[in-house]
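Student: Encoded as structure tokens, here's the structure I'll be asking about.
Structure representation (structure tokens):
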């Protein structure tokens, strides 16, 4: 409808998929994929506890997004993270938890932005102008060692504590999300995934697939296949979302600063204005 086009000038084409992998008995990942909100949650705990945690997380996001009429900002996401944290602890065992990452399409001064968020080590990447950039910063012990210069990136790949995370939902630990606000450019491709993909497949392979597979669902299928061929040691969940600007100038404001992953005292999210309305699909 013309009204929807006026309020939502970004057309999103997306693909999504999940696979149990080759080693796990259960798939404890969950995902949410709508026209304006994408999220992947990677549950932890085993014996179905992680499955419950990740499902509660994406359900909380979906319900909150719908209740907000599709209008989202960082403070609302942070509030939903706290709600999910509490709900997981009620619904699942004490050892259950989940990571989560994703992005929402929001608006500021009439221009579209990606509001990217994460808790834990699931990742969101952006492919733009042929360059694949990891937007999120892992909340993990290995990332802290990297930040301090105590190990190299090459050492981090096979570090024995590479899967130990420092933030999660439902575990009683730090559940704060970090946020990034990025202008949406025509042709942007977002890749949202659990560490069953990013922990198994090198970034150069991710880029090659993302840059050469035009259809987003075909890209998702190829990325999951790459994760399986790399060993499939964990559940693999992927969302690929492509942005096309329907009208207006692509030249928008500079990217706002990243939340500082090294600042242990950081509590305030990057604030953004409300997004325009787009019907949420499930």
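Residue numbers (our numbering): -5 to 276.
We treat Cβ as the ideally placed atom computed from N, Cα and C, and that holds for glycine.
All figures in this text were calculated on a predicted structure; none of them were measured in a lab.
1) Would you identify the three-state DSSP class for residue 230, choosing helix, strand or coil?
2) Give the range of the alpha helix (DSSP H) segment to which residue 299 is assigned.
3) Using the rule of at least 16 other Cβ atoms within 10 Å of the residue's Cβ for burial, across every protein chain shown, is residue 270 buried or exposed?
4) Runs of 3 residues minimum, wholly inside the segment 108 to 196: which ones carry the beta strand (DSSP E) assignment?
5) Quick one: measure Cβ to Cβ for residue 106 and residue 4, integer angstroms, because I've assumed they're closer than 8 Å.
6) Taking DSSP's pairing of strands, which residues face residue 96 in a bridge?
7) On a Cα-Cα basis, can you pick out the residue from 113, 63, 67 that is closest to residue 79?
8) What residues match up with residue 26 in a beta bridge as DSSP calls it?
9) Helix or strand or just coil, what does DSSP make of residue 210?
10) May I ask which residues mark the beginning and end of the beta strand (DSSP E) holding residue 49?
11) Tell me the DSSP secondary structure of residue 239 in three-state form.
12) Leaving out the 5 sequence neighbours to the left and right, which residues in its chain are closer than 7 Å to residue 224 when beta-carbon positions are compared?
13) On the CB-based measure, 16 or more other CB atoms within 10 Å of its CB, does residue 143 come out buried or exposed?
14) Assuming residue 183 and residue 121 are in contact, meaning their beta carbons sit under 8 Å apart, how far apart are those beta carbons, in whole angstroms?
15) Are the beta-carbon atoms belonging to residue 200 and residue 230 less than 8 Å from one another?
16) Taking a contact to mean a Cβ-Cβ separation below 8 Å, would you say residue 110 touches residue 185 in this structure?
17) Which residue comes first and which comes last in the alpha helix (DSSP H) that contains residue 76?
18) Just to check my reading of the structure: residue 148 and residue 136 have Cβ atoms closer than 8 Å, yes? What is that Cβ distance to the nearest angstrom?
19) From residue 222 to residue 103, what distance separates their C-alpha atoms?
20) Report the rounded CA-to-CA distance for residue 128 versus residue 232, giving the unit in angstroms.
21) For residue 61, count the other beta carbons within 10 Å of its own beta carbon; 16 or more makes it buried, fewer makes it exposed. Which is it?
22) What did DSSP end up calling residue 266 once you bin it into helix, strand or coil?
23) Does DSSP put residue 11 in a helix, in a strand, or in coil?
24) Does DSSP put residue 5 in a helix, in a strand, or in coil?
25) Residue 91 by DSSP, collapsed to three states: which one?
26) Can you tell me the Cα-Cα spacing of residue 278 and residue 49, whole angstroms?
27) Let me make sure I understand the geometry here. Which of 240, 179, 172, 206 has the alpha-carbon closest to that of residue 71?
Tutor: So, from the data block:
1) Against the chain shown, residue 230 aligns to sequence position 236. Reduced to three states, the DSSP call for residue 230 is strand.
2) No statement about residue 299 is possible, as the shown extent of the chain runs from -5 to 276 and does not include it.
3) Here residue 270 refers to the residue found at position 276 when the chain shown is read from its first residue. Caution applies to residue 270, whose pLDDT of 29 falls short of 50 and renders its modelled position unreliable; the value that the coordinates give is listed next. Residue 270 is buried by the Cβ-count criterion.
4) If we require 3 residues or more, the beta strand (DSSP E) runs fully inside the segment 108 to 196 come out as 117 to 122, 125 to 128, 172 to 177, 183 to 187.
5) As a first step, residue 106 must be located in the chain shown, where it is residue number 112. As a first step, residue 4 must be located in the chain shown, where it is residue number 10. Indeed, because the Cβ distance is near 5 Å, the residues count as touching under 8 Å.
6) The residue you call residue 96 lines up with position 102 of the chain shown. Per DSSP, 33, 111.
7) In the chain shown, residue 79 corresponds to position 85, counting from 1. It is 113 whose Cα lies nearest to the Cα of residue 79.
8) The sequence position of residue 26 within the chain shown is 32, counting from 1. In DSSP, residue 26 forms a bridge with 33.
9) If you number the chain shown from 1, residue 210 lands on position 216. Looking at residue 210 - three-state DSSP - the assignment turns out to be helix.
10) The count along the chain shown starts at 1 and reaches residue 49 at position 55. Per DSSP, residue 49 belongs to no beta strand (DSSP E); it is in the alpha helix (DSSP H), 43 to 61.
11) Counting from one through the chain shown, the residue named residue 239 turns up at place 245. Looking at residue 239 - three-state DSSP - the assignment turns out to be strand.
12) Your numbering for residue 224 matches position 230 in the chain shown. Result list for residue 224: 194, 195, in chain order.
13) Counting from one through the chain shown, the residue named residue 143 turns up at place 149. Residue 143 should be labelled exposed.
14) Indexing the chain shown from 1 puts residue 183 at position 189. Indexing the chain shown from 1 puts residue 121 at position 127. That pair is a contact at about 4 Å.
15) If you number the chain shown from 1, residue 200 lands on position 206. If you number the chain shown from 1, residue 230 lands on position 236. Contact: no.
16) Taking the first residue of the chain shown as 1, we reach residue 110 at position 116. Taking the first residue of the chain shown as 1, we reach residue 185 at position 191. No, they are not a contact pair.
17) As a first step, residue 76 must be located in the chain shown, where it is residue number 82. It spans 68 to 85 - the alpha helix (DSSP H) in which residue 76 sits, taken as one unbroken run.
18) In the chain shown, the residue the question calls residue 148 occupies position 154. In the chain shown, the residue the question calls residue 136 occupies position 142. Not quite, the Cβ-Cβ distance comes to about 12 Å (not below 8 Å), so this is no contact.
19) Residue numbering aside, residue 222 sits at position 228 when the chain shown is read from its first letter. Residue numbering aside, residue 103 sits at position 109 when the chain shown is read from its first letter. For residue 222 and residue 103, the distance between alpha carbons rounds to 43 Å.
20) Taking the chain shown and counting its residues from 1, one reaches residue 128 at position 134. Taking the chain shown and counting its residues from 1, one reaches residue 232 at position 238. For residue 128 and residue 232, the distance between alpha carbons rounds to 14 Å.
21) As a working note, residue 61 is residue 67 in the chain shown. By the neighbour-count rule (16 or more Cβ atoms within 10 Å), residue 61 is not buried but exposed.
22) Within the chain shown, residue 266 is the residue found at index 272, counting from 1. Low confidence applies to residue 266: its pLDDT is 31, below 50, so where it sits in the model is not reliable, and the reading given next is rough at best. In this structure, residue 266 counts as coil in the three-state DSSP scheme.
23) By 1-based counting over the chain shown, the position of residue 11 is 17. It is a strand residue.
24) Stepping through the chain shown from its first residue, residue 5 is reached at position 11. Three-state DSSP puts residue 5 in a strand.
25) If you number the chain shown from 1, residue 91 lands on position 97. Correct three-state label for residue 91: strand.
26) Because the chain here runs from -5 to 276, residue 278 falls outside it and cannot be looked at.
27) What you label residue 71 is simply residue 77 of the chain shown in a count that begins at 1. Residue 71 has its Cα closest to that of 172, out of 240, 179, 172, 206.
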